[in-house]
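Residue numbers (the numbering used here): 2 to 188. Have a look at the structure below before the remarks.
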Amino acid sequence: LGPALRRASEVMSRDKAAPILCGVLIDADGAIVGSDGFSMVATETAIDVGVQIVIPILMVEALLTSWPDLEGGWVQTWTMEDGRPMLAIYTGSGMVVGIGMEGAYPSWRDLLPDAGTSAAMVLVDTGVLADVIQAVSLVSEASAPIVILNVDVQGRITVALEEEGRKALTKLIPATAKDVKTNATAQ
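Structure below.
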């Protein structure tokens with residue numbers, strides 16, 4: 002529970018404009034998910050809560066501060082008579098009880114590619130990637146409605162603009178290939 006919760010908390014949103022993302026999801030099948038709307042971490046766990054519940058940011062922070070390792074932790078959920086979701090997280094040395102967040106967490110599994118669609122993951126200098134995407138977006142605003150981002154299994158990333166069926170601009174981003182079984186990042 003501890004490592005999965007910590008990873009998810011690193012990307013959960015702090016933006017109150019997207020309140021449901023200001024927490025960590027424990028999915029019915031035990032997956033622990035955090036997202037800020039741009040990045041996502043999903044970790045499969047053996048926790049079986051049977052329902053989807055979102056732990057609010059303050060409860061997540063209290064858990065990680067009070068019990069940094071959370072070894073041996075488990076979760077229990079129930080619904081109050083007024084319909085509010087409740088949860089208790091038991092740790093090796095204590096317990097935290099709180100109200101889960103109300104609302105629907107985005108359908109995060111729909112964002113994962115099908116298993117087997119790729120046999121490689123690439124490691125990229127995010128600064129270079131951001132610079133190339135910014136340059137391409139400036140040109141695309143003026144002339145080309147389609148931007149293509151292609152990642153091949155050798156680790157080459159190509160960003161291209163397409164204007165009326167022809168390539169108007171192509172940039173190659175240096176990357177390093179790293180073998181993995183799937184490009185889904187559930188851990």
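The beta-carbon is built from N, C-alpha and C at its ideal position, and this holds for glycine as well. No experiment lies behind these values; they were computed from the predicted model shown.
* To do: Would you grab the beta carbon distance between Thr-46 and Leu-88 for me? Rounded to a whole angstrom, and I think it's under 8 Å.
  => By one-based count along the sequence shown, residue 46 stands at place 45. By one-based count along the sequence shown, residue 88 stands at place 87. Beta-carbon to beta-carbon, Thr-46 and Leu-88 are separated by about 15 Å, too far to satisfy the 8 Å threshold.
* Of the residues Arg-85, Gln-77, Trp-68, the one placed nearest Thr-92, counting alpha carbons only -> Taking the sequence shown and counting its residues from 1, one reaches residue 92 at position 91. The shortest Cα separation from Thr-92 among Arg-85, Gln-77, Trp-68 belongs to Trp-68.
* **For Leu-150: DSSP bridge partner residues** => As a first step, residue 150 must be located in the sequence shown, where it is residue number 149. Val-160.
* Asked: According to DSSP, what are the bridge partners of Tyr-106?
  -> On the sequence shown, residue 106 is found 105 positions in, with the first residue counted as 1. Per DSSP, none; premise fails for Tyr-106.
* **Residue of Val-61, Val-76, Met-81, Pro-107 minimising C-alpha distance to Gly-24** => Counting from one through the sequence shown, the residue named residue 24 turns up at place 23. Checking every option, the nearest Cα to that of Gly-24 belongs to Val-61.
* Measure from the alpha carbon of Ser-10 to the alpha carbon of each residue in Asp-111, Ser-108, Ala-63, then state which is nearest. => One-based indexing of the sequence shown puts residue 10 at position 9. Relative to Ser-10, the option among Asp-111, Ser-108, Ala-63 whose CA is nearest is Ala-63.
* If we count the other Cβ atoms within 10 Å of its Cβ and call it buried at 16 or more, is Gly-104 buried or exposed? -> Taking the sequence shown and counting its residues from 1, one reaches residue 104 at position 103. Counting Cβ neighbours within 10 Å, Gly-104 comes out exposed, since fewer than 16 surround it.
* Would you identify the three-state DSSP class for Leu-135, choosing helix, strand or coil? => Position 134 of the sequence shown, counting from 1, holds the residue named residue 135. First, the amino acid is wrong: residue 135 is Gln here, not Leu. Correct three-state label for Gln-135: helix.
* To do: Would you decide whether Asp-49 is buried or exposed? Buried here means 16 or more other CB atoms lie within 10 Å of its CB.
  => Within the sequence shown, residue 49 is the residue found at index 48, counting from 1. Burial call: exposed.
* Give the secondary structure of Ser-40 by DSSP, where H, G and I count as helix, E and B as strand, and everything else as coil. => Reading the sequence shown from its first residue, position 39 is the one you call residue 40. Annotated three-state conformation of Ser-40 is coil, per DSSP.
* Check Ala-63 in the structure and name its three-state DSSP category. => Start at 1 with the first residue of the sequence shown, and residue 63 comes out as number 62. In the displayed model, Ala-63 falls within a helix according to three-state DSSP.
* Asked: In its own chain, which residues sit with a C-beta less than 8 Å from the C-beta of Ala-187, not counting the 5 before and 5 after it?
  -> The residue you call residue 187 lines up with position 186 of the sequence shown. With a pLDDT of 39 at Ala-187, under the threshold of 50, the modelled position of that residue is not reliable, and no figure is offered here.
* What separation, rounded to the nearest whole angstrom, lies between the Cα atoms of Trp-109 and Ala-5? -> Numbered from 1 along the sequence shown, position 108 holds the residue referred to as residue 109. Numbered from 1 along the sequence shown, position 4 holds the residue referred to as residue 5. Using only the alpha carbons, I get a separation of about 16 Å.
* Asked: Would you report the Cα separation of Thr-78 and Ile-149, rounded to the nearest angstrom?
  -> Here residue 78 refers to the residue found at position 77 of the sequence shown. Here residue 149 refers to the residue found at position 148 of the sequence shown. Taking the Cα positions, Thr-78 is about 44 Å away from Ile-149.
* Asked: In the DSSP assignment, what residue or residues form a beta bridge with Thr-80?
  -> Numbered from 1 along the sequence shown, position 79 holds the residue referred to as residue 80. Note: Thr-80 sits in a beta bridge opposite Pro-86.
* Which of helix, strand or coil DSSP assigns to Gly-35 -> Locating residue 35 in the sequence shown gives position 34, counting from the first residue. Three-state DSSP puts Gly-35 in a strand.
* **Cα-Cα separation, Met-81 to Val-34** => The count along the sequence shown starts at 1 and reaches residue 81 at position 80. The count along the sequence shown starts at 1 and reaches residue 34 at position 33. Going by the C-alpha atoms only, they are around 24 Å apart.
* Which residues share a DSSP beta bridge with Leu-26? -> Residue mapping note: residue 26 aligns to position 25 of the sequence shown, counting from 1. The secondary-structure analysis by DSSP pairs Leu-26 across a beta bridge with Val-34, Val-55.
* Candidates Val-12, Arg-8, Lys-17, Arg-7: closest to Met-102 by CA position -> Here residue 102 is taken as the residue at index 101 of the sequence shown, counted from 1. Met-102 has its Cα closest to that of Lys-17, out of Val-12, Arg-8, Lys-17, Arg-7.
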